[in-house]
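Per our numbering, residue 13 is the first one in the sequence shown, and the count goes up by one each step.
Backbone N, C-alpha and C fix where the C-beta goes; we use that ideal spot for every residue, glycine too.
These figures come from a predicted structure and were not determined experimentally.
Beneath this line is the structure, given in structure tokens, with notes to follow.
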Amino acid sequence: MAQTESPGIEAGPRPGPEREERPRVRPQEAKTSRSRARWWTELPLIVVVYAAYSAGRLIVRGDVSGAVDHGLAILRVEKLLHINAEHPLNRLFTDHAWLGVPADFWYASLHYIVTPAILVWMFRAHAEQYRMVRTWLMTSTFLGLIGFTLLPTCPPRLLHPAHGFVDTMAQYSSYGWWGGEASAPRGMGGMTNQYAAMPSLHVGWALWCGVMLWRHGRSPLMKVAGVVYPLFTTIVVMGTANHYLLDAVAGAAVMGVGLLLAGPVMRLAVVLRTASAARLALVVAAVRGGGSPIVSGGCQTSAGERIPRQRETRHGPGAEPGAAPADAGDGAAAPAR
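In structure tokens, the structure reads:
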């Protein structure tokens, strides 16, 4: 009788040991976590950079007569091109205190409030872009310092009155903390360089703030502020007779060049940081390993280390020549009985 074959039971996959699922870190998240700046390193860095910039700006005052010549040359070029907007704005601010006084407060304070505030905002809310925008700002600032060094320029307010400019900061000094020497507090005019007009970093920094607000702001109001702030700052610096129009143009150009150089500067910083870390690691390794015995280095052994089947030298009784070694190997001859 023929046997009917029963269908076999298909073997399914053998249950294996369950592997523990590990949380996967996306490359973008890992990159972001590595590039996130720390406030305890950023704050000293910004303080040191700003202090160096302020000291350098104060040192490179230049020759007064040369600065006046540069200012007059800029004014002649603007008149030739019919772009000398400083005169009508300055007359407007001088004749109307309700415009001139707020403009002086704008010039004397917002430059030092808005820029740090937006820098902190970028650090907290947009950490992945912070290093880039911080490097952009610092690079442009040092480029401005080079401009102050190579081209000291007398601002319009310090030209001879025959040129038609009025120093609104001096005219309305009773309304604020400033005196007749730029935006410095009264009695501290000697702590500032009044001939650092070219380029205008008031305009440059305001443009940087505007770009941050426009690009990263989440509300229409922030985007409007990103347009209004640099535009009004440009009007203010000319209306208060602190800068020429070409100073403002140069400030915007410096920020553009700083943006182009920010990437190479960051890469150079990484190279220098890596080289410094490698050198420091070598120094630390040399200090920690100095004077310690190297095991098996150059076929040498450290004290107390034994090689298998190595004879042990004995001292004292029983160490006479011919005595059987206690740790003789398997091939050693057995003692005669």
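Can you have a look at residue i and say buried or exposed, based on whether 16 or more other CB atoms are within 10 angstroms of its CB?
| i | result |
| --- | --- |
| Tyr187 | exposed |
| Pro125 | Residue identity differs from the one stated: residue 125 is Ile in this sequence, not Pro. Label assigned to Ile125: exposed. |
| Gly83 | buried |
| Asp107 | exposed |
| Ile130 | buried |
| Gly301 | exposed |
| Gly159 | buried |
| Thr151 | buried |
| Arg136 | exposed |
| Ala287 | exposed |
| Ala253 | buried |
| Trp220 | buried |
| Glu41 | Low confidence applies to Glu41: its pLDDT is 40, below 50, so where it sits in the model is not reliable, and the reading given next is rough at best. Counting Cβ neighbours within 10 Å, Glu41 comes out exposed, since fewer than 16 surround it. |
| Ala115 | buried |
| Gly275 | exposed |
| Gly222 | buried |
| His123 | buried |
| Leu225 | buried |
| Val60 | exposed |
| Arg146 | buried |
| Leu157 | buried |
| Leu272 | exposed |
| Ile95 | exposed |
| Leu170 | buried |
| Arg285 | exposed |
Nearest by alpha-carbon distance to residue i: which of the options is it?
| i | options | result |
| --- | --- | --- |
| Ala85 | Thr246, Thr180, Leu243 and Pro168 | Pro168 |
| Thr246 | Val299, Val89 and Gly216 | Gly216 |
| Trp118 | Leu243, Met210, Leu294 and Gly156 | Leu243 |
| Val89 | Val299, Leu271 and Tyr256 | Tyr256 |
| Pro128 | Leu149, Ala297 and Glu140 | Leu149 |
| Ala97 | Ala289, Val248, Val299 and Tyr241 | Val248 |
| Val76 | Pro56, Trp133 and Cys166 | Cys166 |
| Pro355 | Phe177, Arg230 and Ala109 | What the structure shows of the chain is the stretch from 13 to 349, and residue 355 is not part of that stretch, so it cannot be assessed. |
| Thr153 | Asp179, Asp81, Trp133 and Ile58 | Ile58 |
| Leu258 | Ala63, Leu87, Ala298 and Asp81 | Leu87 |
| Asp81 | Leu93, Leu104 and His172 | His172 |
| Phe105 | Leu92, Val299, Asp179 and Pro56 | Asp179 |
| Thr161 | His175, Arg285, Gly270 and Asn205 | Asn205 |
| Arg230 | Trp110, Leu92, Met134 and Ala63 | Met134 |
| His175 | Lys91, Leu292 and Trp110 | Lys91 |
What first and last residue would you give for the alpha helix (DSSP H) that runs through residue i?
| i | result |
| --- | --- |
| Gly112 | Ala109 to Phe117 |
| Gln206 | Unbroken run through Gln206: none, as it is neither H nor E. |
| Tyr142 | Ala139 to Leu162 |
| Ala79 | Val76 to Leu93 |
| Arg5 | Shown here, the chain extends from 13 to 349; a query on residue 5 therefore has no answer. |
| Val240 | Pro232 to Gly251 |
| Val215 | Leu213 to His228 |
| Thr180 | Thr180 to Gln183 |
Below 8 Å between beta carbons: does that hold for residue i and residue j?
| i | j | result |
| --- | --- | --- |
| Ala262 | Ser185 | no |
| His138 | His214 | no |
| Met234 | Arg143 | no |
| Gly112 | Gln183 | yes |
| Ala120 | Tyr207 | no |
| Leu155 | Val283 | no |
| Asn102 | Gly268 | no |
| Leu163 | Met210 | yes |
| Met181 | Trp190 | yes |
| Tyr241 | Ala260 | no |
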